[in-house]
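Per our numbering: the sequence shown = residues 142 to 425.
Where is the CB? At the ideal position from N, CA and C, for every residue including glycine.
Below you'll find the structure, written out as structure tokens, and then a few comments.
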Amino acid sequence: MPTSIKERAGASTSASALCPQNHRTGHAEKHQRQGCGEKIGDLMRGTEIFKFLHLHRADEIMVTLFMQVNDHRWLIACSSVCKYWEKIIQENSLWRNQCTQLWSDKVSVPYCIQSLYDSGRSKEAFVASLRDSTRTFMMATELSAISFFFRFKRVAGKYWTEKDPFWNRNEPLRIRFGEDGVVTGFPWDNLEMKWHFVDEAGVCCSESGSYIRVAINGRCVPTFKISRHSNWGFILQNIWVVYLSFPIARLGDEPAISDSELDTVLEDERWGEAIDYNRGAPMP
């Protein structure tokens, strides 16, 4: 049935009445969307700031965690996990901590290595100290700076062990190898001792070496070999005598410096020298 003009007018009026509301609603939704967009933008900017702060804090956290690592080999392994860990593990504070732990029970860390540590190059100092710990040659200046603890080995015989304060449960003798080539510190009269470096074959060296030849009243005794203790101290020994750069433990207290353990370091040639010496033959 055809609609009347009035009905059409009413419908038009009703539609017109609704249009402004729809229009207002559309504007509100638009503003709401704009507001949400601004909030999301703020959140995104906040997230970026948080990420920045978090990453900065993450470095500190990672360093603190790696500080708990006692084994440097584990640290080195971790450095290959990713570039971020590699960067963190280069931190000087980590290697200062490693040096402190490693050196805590050591008796010998060269001054040049300590200087690296003091100048903020702790990783270099750590690596250099590990390498140096196996060094068995000494410079004359280094040797002369040490006051060695002395004792005879049991195989030297009762005559000598009875004269040795160490075997009488007294403080061991302290002996020095002077830069002038003179050995001092023995209390026995008419004893003149001189020293010099030699190579493994007994050929004289000038400023450094891994072997030492000592002459007593002009006659050379069997060669002394230089080795290292686990505490990084130096050990000088031949068949009958041992000098230590660190305090001597009582017999039986430290198996590593017992006569039997020390003798394992000596080559067969050193035993041959002892036989030749007892026969009156000169040292090579």
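query: So, F338 versus Y352, is the Cβ gap smaller than 8 Å?; result: yes
query: Given this structure, state the Cα-to-Cα distance separating K192 from P388, to the nearest angstrom.; result: Because the pLDDT at K192 is just 42, under 50, the model does not fix this residue reliably, and the point stays unresolved.
query: Pull up the DSSP beta-bridge partners for Q378, would you.; result: K366 and V383
query: Rounded to whole angstroms, how far is the Cβ of W373 from the Cβ of S220, which I believe are closer than 8 Å?; result: 25 Å between Cβ atoms; not a contact.
query: So, helix, strand or coil for G393, using DSSP?; result: coil
query: Once you ignore the five residues that flank S270 on each side, which residues in its own chain have a CB closer than 6 Å to its CB?; result: V250 and I254
query: Residue range of the alpha helix (DSSP H) that R272 falls in?; result: S263 to D273
query: Find out if the Cβ-Cβ distance for the pair F278, P313 is shorter than 8 Å.; result: no
query: Tell me whether R386 is buried or exposed, calling it buried when 16 or more other Cβ atoms sit within 10 Å of its Cβ.; result: Rather than Arg, the amino acid found at residue 386 in this sequence is Ser. Flag for S386 reads buried.
query: Have a look at the DSSP bridge pairing and note the partners of C345.; result: V339
query: Counting only the same chain and skipping the five closest in sequence on each side, list residues whose C-beta sits under 6 Å from that of Y418.; result: P363
query: Assess, as a yes-or-no matter, whether the stretch 229-236 is touched by the stretch 195-209 under the definition of 3 or more beta carbon pairs within less than 8 Å.; result: yes
query: Does the stretch 306-325 come close enough to the stretch 394-402 to have 3 or more Cβ pairs within less than 8 Å?; result: no
query: Determine the closest residue to S368 out of T405, I217 and G298, with distance taken between C-alpha atoms.; result: T405
query: Of all the options R272, T275 and N238, which has the alpha carbon lying nearest to the alpha carbon of D259?; result: N238
query: The beta strand (DSSP E) with A281 in it runs from where to where?; result: Segment A281 to S285 is the alpha helix (DSSP H) holding A281; no beta strand (DSSP E) there.
query: Kindly indicate the opening and closing residues of the alpha helix (DSSP H) around I416.; result: D409 to N419
query: Cα separation between K224 and V268?; result: 21 Å
query: Straight-line CA distance for S371 to F318?; result: 23 Å
query: From S285 to W329, what does the alpha carbon distance come to, in whole angstroms?; result: 21 Å
query: So L235 is in the beta strand (DSSP E); what residue range does that whole segment cover?; result: Per DSSP, L235 belongs to no beta strand (DSSP E); it is in the alpha helix (DSSP H), N233 to W244.
query: Among all the DSSP beta bridges, which residues are the ones paired with A356?; result: K335 and C361
query: Return the Cβ separation of W236 and S263 in integer angstroms, given the expectation that the two are a contact with Cβ distance under 8 Å.; result: 4 Å
query: Using only the alpha-carbon positions, how far apart do G187 and C240 sit?; result: Residue placement at G187 cannot be trusted, given a pLDDT of 43 that sits under 50; the coordinates are not used to answer.
query: With distances taken from CA atoms, which of R391, D400 and N379 is nearest R411?; result: N379
query: Among K294, I202, E283 and I217, whose alpha-carbon lies nearest the alpha-carbon of R391?; result: K294
query: F289 bridges to which residues according to DSSP?; result: I316
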